[in-house]
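In full-length UniProt numbering, the protein residues as written are 1 to 491. Cβ atoms here follow ideal geometry from the backbone N, Cα and C, with glycine treated the same way. Written below as structure tokens is the structure these notes are about.
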């Protein structure tokens, strides 16, 4: 969070102007309310506040507020000071820079006219490079958060400025690692006054350090500090300065930006985790469980679904190489089936060993579940001819079983019958039960009766071979005929 800044400008008999800048918008009226309370409760003043101007300076929102109140006492005291004869002679700017060896003299274009001896030495570059340079090339403004221009500074002579000294780096010099001793920044704190006699601004500042160790890391000693004031005493006592807190705030802001990036990355990984979860458990049921609800409440009874079983016939592996080759082959088979499911309305229930189980009509109820399952089975059979596939239709109960590794399971005699359809099928063929065959749309699929077969645990059942889709075959024949005719026309 970036703290706001406020500066009083243009004080007159009837009030003053307040310049409010903040990295966030929408708090102007909140500030106005605070000013009302402070004026009334603390100073017993009748205050009127109005917004004169609003603008954006970079990423900062800036508002100029007009404060209307009785300010006659301040104006009278100011006029009295101006009317008194000055008992002291004029002081040359060079003497001020001797008293403040880190000071800077600026012209109207905010270019450096003169600089203190210790400032030049600490900067590290030649004197002719620092003279006539823009102040922004040598010093970076930390506080207050305003643009460093002549007009702004002249209106803020009562403010304390914090500027960071930028170390000199010559051409061809490798970039210094941030945080190293050579790149350690030095904060300079003090007011900027207008010298009307020479039409210039002077920054009378003192370097800010926390302790002697930090002073030594900056390459300075106590002799480099200002000869007057309490800066040496404060340094020896190890007082904590508010200017350093500004740097801590900036570091916290940098960490907050990193945290925002981490949060965005967390959201991305969360989405990936959700996608993985939805491949294991249906989305509606997964959301039900994530809400902390009872898994048993997610169980559903389906009157009619169509189940597909696919299996790969594998030879027994004798060596480790054979096992690895088998695993790679099974992974390729399952991956190809997974890709085919994207174009068909079927749901992958589970894979156990060499068996792949699919369902249509659950968890999303669908009236055309038999046709969707038949189309998916034909597509899988064309892509992987070595599979034995069986299909059966009937009622099931579906739900999530297990706590540590929850799985979406189907329970019922329909599952056993569909498994028997697969085990009694043949490689490269799709066997469907009579129940499924009766529910397929008439004229869409080509079925050939297989007759009555013995099914383990079921006795004798009538089954059919599912050999293709009629509409698809007619389309392929038409395309083939068009290709032949087009080729003949070319000849």
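Give every residue of the same chain whose Cβ lies closer than 8 Å to the Cβ of residue 381, excluding the five residues on either side of it in the sequence, and list them in chain order. Counting only residues of its own chain and dropping the five nearest sequence neighbours on each side, residue 381 has a CB closer than 8 Å to the CB of 387, 389, 428, 429, 430.
Confirm, please, whether the CB-CB distance from residue 373 to residue 391 is below 8 Å. In contact: residue 391 and residue 373 (Cβ atoms closer than 8 Å).
Could I get the ranges of all uninterrupted alpha helix (DSSP H) runs contained in the segment 370-453, with 4 residues as the minimum, in chain order? Qualifying alpha helix (DSSP H) stretches, in chain order: 413-423, 434-439.
Please report how far the alpha carbon of residue 95 lies from the alpha carbon of residue 75, in whole angstroms. Cα to Cα, the separation comes out at about 31 Å.
Taking buried to mean at least 16 other C-beta atoms within 10 Å of its own C-beta, is residue 198 buried or exposed? Exposed: under 16 other Cβ atoms inside 10 Å.
Quick one: measure Cβ to Cβ for residue 369 and residue 375, integer angstroms, because I've assumed they're closer than 8 Å. Residue 375 and residue 369 do not touch by the CB rule: their CB atoms are close to 11 Å apart, not below 8 Å.
Please state whether DSSP places residue 153 in a helix, a strand or coil. Judged by DSSP in its simplified three-state form, residue 153 adopts helix.
Leaving out the 5 sequence neighbours to the left and right, which residues in its chain are closer than 8 Å to residue 162 when beta-carbon positions are compared? Excluding positions up to five away in sequence, the list reads 141, 142, 143, 187, 188, 189, 208, 243, 246.
Candidates 418, 112, 296: which alpha carbon is nearest residue 408's? Taking only the C-alpha atoms, the option nearest residue 408 is 296.
Take residue 64 and list the residues in its own chain whose beta-carbon comes closer than 7 Å to its own, dropping the five residues that flank it on each side. Within its own chain, the residues whose Cβ lies closer than 7 Å to the Cβ of residue 64, once the five positions on either side in sequence are excluded, are 17, 19, 52, 53, listed in chain order.
Would you tell me roughly how many angstroms separate the C-alpha atoms of residue 172 and residue 273, rounded to the nearest one? Caution is warranted here: a pLDDT of 46 is assigned to residue 172, below 50, making its placement in the model unreliable, and no coordinate value can be reported.
Is the beta carbon of residue 114 less than 8 Å from the beta carbon of residue 90? In terms of Cβ geometry, residue 114 and residue 90 do not form a close pair [threshold 8 Å].
Among residues of its own chain, excluding the 5 on either side of residue 179, which ones have a beta-carbon nearer than 6 Å to its beta-carbon? The predicted model places residue 179 with a pLDDT of 42, which falls under 50 and marks its position as unreliable, so this point remains unresolved.
Among 131, 126, 97, which residue has its Cα nearest to the Cα of residue 111? Nearest of 131, 126, 97 to residue 111, Cα basis: 131.
Does the Cβ of residue 61 have 16 or more other Cβ atoms within 10 Å, making it buried, or fewer, making it exposed? That one is buried.
Using DSSP with H/G/I as helix, E/B as strand and the rest coil, what is residue 364? DSSP places residue 364 in coil when its eight states are reduced to three.
Span of the alpha helix (DSSP H), counted from its first residue to its last, around residue 347: Boundaries around residue 347 are those of the beta strand (DSSP E), 347-352, since no alpha helix (DSSP H) includes it.
Nearest to residue 343 by alpha carbon, out of 379, 356, 326? Closest by C-alpha distance to residue 343, out of 379, 356, 326, is 379.
I need the DSSP call for residue 344, collapsed to helix, strand or coil. The answer is coil: DSSP assigns residue 344 none of H, G, I, E or B.
Let me confirm a value: residue 126 is counted as buried when at least 16 other C-beta atoms fall within 10 Å, else exposed. Which label applies? That one is exposed.
Quick check: the Cα distance between residue 270 and residue 404, rounded to an integer number of angstroms? Roughly 19 Å between the two C-alpha positions.
How would you write the range of the beta strand (DSSP E) that residue 307 sits in, first residue to last? Taken as a continuous stretch (DSSP letters only), the beta strand (DSSP E) holding residue 307 covers 300-312.
Alpha helix (DSSP H) runs wholly inside the segment 31-117, at least 4 long, in chain order: Qualifying alpha helix (DSSP H) stretches, in chain order: 72-83, 93-99.
Under three-state DSSP, which class holds residue 288? Residue 288 falls in the helix class under three-state DSSP.
Report the residue from 402, 73, 411 whose alpha carbon sits nearest the alpha carbon of residue 396. Of 402, 73, 411, the residue nearest in Cα terms is 411.
If I'm right that residue 200 touches residue 106 with Cβ under 8 Å, what's the distance once you round it to whole angstroms? So it is a contact: roughly 6 Å between Cβ atoms.
Cβ separation of residue 312 and residue 354, assumed to be a contact under 8 Å, to the nearest whole Å: Taking the Cβ atoms as the reference, residue 312 lies roughly 5 Å from residue 354, within the contact range of under 8 Å.
Cutoff 7 Å; reference residue 100; Cβ partners in own chain excluding five residues on either side: Excluding residues within five positions, the ones whose Cβ falls inside 7 Å are 116, 204, 205, 226.
Nearest-angstrom beta carbon gap, residue 437 and residue 398 [assumed within contact, 8 Å]: At roughly 24 Å, the Cβ-Cβ gap does not stay under 8 Å, so residue 398 and residue 437 are not in contact.
Leaving out five residues on either side along the sequence, give the residues of the same chain with a beta carbon under 6 Å from the beta carbon of residue 45. Cβ within range, chain order: 39, 69.
Taking buried to mean at least 16 other C-beta atoms within 10 Å of its own C-beta, is residue 421 buried or exposed? Buried, since its Cβ has 16 or more Cβ neighbours within 10 Å.
For residue 259 and residue 43, what's the separation of their Cα atoms in angstroms? Cα-Cα distance, rounded: 42 Å.
Around the C-beta of residue 222, are 16 or more other C-beta atoms found within 10 angstroms, so that it is buried, or is it exposed? By the 10 Å Cβ count, residue 222 comes out exposed.
Let me check understanding here. Comparing Cα to Cα, which of 49, 22, 23 lies closest to residue 34? Ranked by how close their Cα comes to the Cα of residue 34, the residues 49, 22, 23 have 49 in first place.
Classification of residue 310 by the beta-carbon crowding that lies within 10 angstroms, buried from 16 upward: By the 10 Å Cβ count, residue 310 comes out buried.
Integer Cβ distance of residue 67 from residue 47, believed to fall under 8 Å: Contact annotation, residue 67 with residue 47: C-beta distance approximately 6 Å; criterion of less than 8 Å satisfied.
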